[in-house]
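J.:
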Amino acid sequence: MNEALAILGPFLAGLVFFFWGLDRIRSSVRGLAGPPARRRAGTLTGGNLRAAAFGLLLGILTQSVMGSAFIVASFVTVGVLTMRRALLVTSWVNPGTALLPFLAAIDLNLVTLWLIGVAGLALRNRRVGDRSAIAGTLFGVGLLLFGIMELKLAGRPIADASWFPAVAGLLAAPLPVAFAIGALLRLGIQSTGGIVVIVIVIAGHGMLDMDHAMMVVAGTGIGTASTILLLGRGLRGEALRVGVWQAILSATAASLMGGWILLGAAGAVPSPAAAFASAG
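Quick note: the sequence shown uses this note's numbering, first residue 1155, plus one each step.
#1: I'd like to know whether the C-beta atoms of I1415 and D1363 end up nearer to each other than 8 Å.
#2: Could you tell me whether the Cβ atoms of T1266 and F1300 are closer together than 8 Å?
#3: Tell me the start and end of each unbroken alpha helix (DSSP H) in the stretch 1344-1420 that is at least 4 residues and wholly inside, in chain order.
#4: Answer yes or no: do S1182 and G1290 have a C-beta to C-beta separation smaller than 8 Å?
#5: Run through DSSP, which three-state label would A1431 get?
#6: Please list the terminal residues of the continuous alpha helix (DSSP H) segment that includes G1263.
#7: Evaluate R1387 with the Cβ neighbour count: other Cβ atoms within 10 Å of its Cβ, from every protein chain shown; 16 or more gives buried, anything less gives exposed.
#8: According to DSSP, is A1167 part of a helix, a strand, or is it coil?
#9: Which word fits G1175, buried or exposed, when buried means at least 16 other C-beta atoms lie within 10 angstroms of its C-beta?
#10: Please go through the same chain and pick out, in chain order, the residues whose beta-carbon is closer than 6 Å to the beta-carbon of G1163, but skip the five residues on each side of it.
#11: For L1212, does the three-state DSSP call read helix, strand or coil?
#12: Take L1383 and list the residues in its own chain whose beta-carbon comes closer than 6 Å to its own, dropping the five residues that flank it on each side.
#13: Exposed or buried, F1333, counting other C-beta atoms within 10 Å across all chains shown (16 or more means buried)?
#14: Rounding to the nearest angstrom, what Cα-Cα distance links T1346 and V1247 in this structure?
#15: Are A1207 and R1239 closer than 8 Å when you measure CB to CB?
#16: What are the boundary residues of the alpha helix (DSSP H) that T1231 is part of?
#17: Is the distance from the Cβ of S1222 to the Cβ of L1210 below 8 Å?
#18: Starting from the Cα of G1336, find the closest Cα among L1307, V1370 and G1360 and give me that residue.
#19: Would A1393 be called buried (16 or more neighbouring beta carbons within 10 Å of its own) or exposed?
#20: Go through its chain and collect everything with a Cβ distance to V1230's Cβ below 7 Å, but skip five positions before and after it.
#21: List the endpoints of the continuous alpha helix (DSSP H) containing P1249.
#22: Please name the residue in W1268, P1328 and L1403 whose C-alpha comes closest to that of A1420.
#23: Pop quiz: V1305 and V1350 are said to be a contact at Cβ under 8 Å. What is the actual Cβ separation, rounded to whole angstroms?
#24: In whole angstroms, what separates the C-alpha of S1380 from that of A1405?
#25: Helix, strand or coil: how does DSSP classify P1116 here?
#26: What is the DSSP secondary structure of G1201, reduced to helix, strand or coil?
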């Protein structure tokens, strides 16, 4: 019991810092989304290449497919974006949100502490003024990365815990079950990035093999699509089309990746893990 509590405490603290950071980023980005920012968004999406770059940037900043979809829908509603440009922006949000798993896989301890220190002090300076949204975004990034650091540290003793074999056995469920778990987790934890970080930590300490880890992550796409459709019931017209388009993208990507993992596990095609390893 004491062993489990010693691991669970730091793990929960890491999750809190992670989600606080994510919330701070989102709230600060909303502070940048006033009328002037909307006008700039119209300029930044004036061509196909610009629209794609804007979608990529939006995904990096928000780390939320669902949040980005609703931001783009609001731009369409006020006439900043045409439907064609909005669908292109939304399509490129997904690669932007993929930045977070890479951050979780590398050592950014020193950068994290500097971000928290400098951005935190800037927020306490009244002269920051209009730039507080930028400082808030950077502070949120620092908190998010600090949470990842704590999750990694909390995960180190897991493999040596006496209860590890039992938990590992539960996680080794059939692959379709792992896919469903990913979808349900996404409905409960409103952050695909958060789920990915947790899966990276657990897999990094031997509790999940690569196929199961990727299947859980793939399943989150179904959860994302379901959440967008549920929360987007109040949308109308072109804004609704943006939400549905993002839901289709998420569900399609999840289904394709899930199918690839299943076929790879059956030996019908090279598995994603093998393909990624050979590409690297």
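For glycine and all other residues, C-beta sits at the position ideal for the given N, C-alpha and C.
T.: The structure says:
#1: Their beta carbons are not under 8 Å apart, which means I1415 does not touch D1363 by this criterion.
#2: The answer is yes: Cβ separation under 8 Å.
#3: Runs found: 1346-1358, 1364-1385 and 1391-1419.
#4: With contacts defined by Cβ atoms closer than 8 Å, S1182 and G1290 form a contacting pair.
#5: In the structure shown, A1431 sits in a helix (DSSP, three-state: H, G or I).
#6: In the sequence on display, residue 1263 carries Asn and not Gly. It spans N1263 to L1277 - the alpha helix (DSSP H) in which N1263 sits, taken as one unbroken run.
#7: Its Cβ having fewer than 16 others within 10 Å, R1387 is exposed.
#8: A1167 falls in the helix class under three-state DSSP.
#9: Taking all protein chains in view, the Cβ of G1175 is crowded by 16 or more other Cβ atoms within 10 Å, so the residue is classified as buried.
#10: Nothing listed; no residue qualifies.
#11: In this structure, L1212 counts as helix in the three-state DSSP scheme.
#12: So the list reads A1401, once near-sequence residues are dropped.
#13: Buried, since its Cβ has 16 or more Cβ neighbours within 10 Å.
#14: Looking at the two C-alpha atoms, the distance is approximately 13 Å.
#15: Taking a C-beta distance under 8 Å as the contact criterion, A1207 and R1239 do not qualify as a contact pair.
#16: Looking at the DSSP string, the run of the alpha helix (DSSP H) that includes T1231 is V1219 to T1231.
#17: Contact flag unset, no.
#18: For G1336, the closest of L1307, V1370 and G1360 by C-alpha to C-alpha distance is V1370.
#19: Classified as buried, A1393 has 16 or more neighbouring CB atoms from the shown chains inside 10 Å of its CB.
#20: Non-local beta-carbon contacts of V1230 in its own chain, meaning distances under 7 Å to residues more than five positions away in sequence, involve M1237, A1240, E1392, A1393 and V1396 in chain order.
#21: Here the alpha helix (DSSP H) through P1249 covers M1237 to T1251.
#22: Nearest C-alpha to A1420: P1328.
#23: Here residue 1305 is Leu; the residue named in the question, Val, does not match the sequence. Not really, about 11 Å apart at Cβ, beyond 8 Å.
#24: Rounded to whole angstroms, the gap between the alpha carbons of S1380 and A1405 is 9 Å.
#25: As displayed, the chain neither begins before 1155 nor continues past 1434, which places residue 1116 out of reach and without an answer.
#26: DSSP places G1201 outside both helix and strand once states are collapsed to three, so it counts as coil.
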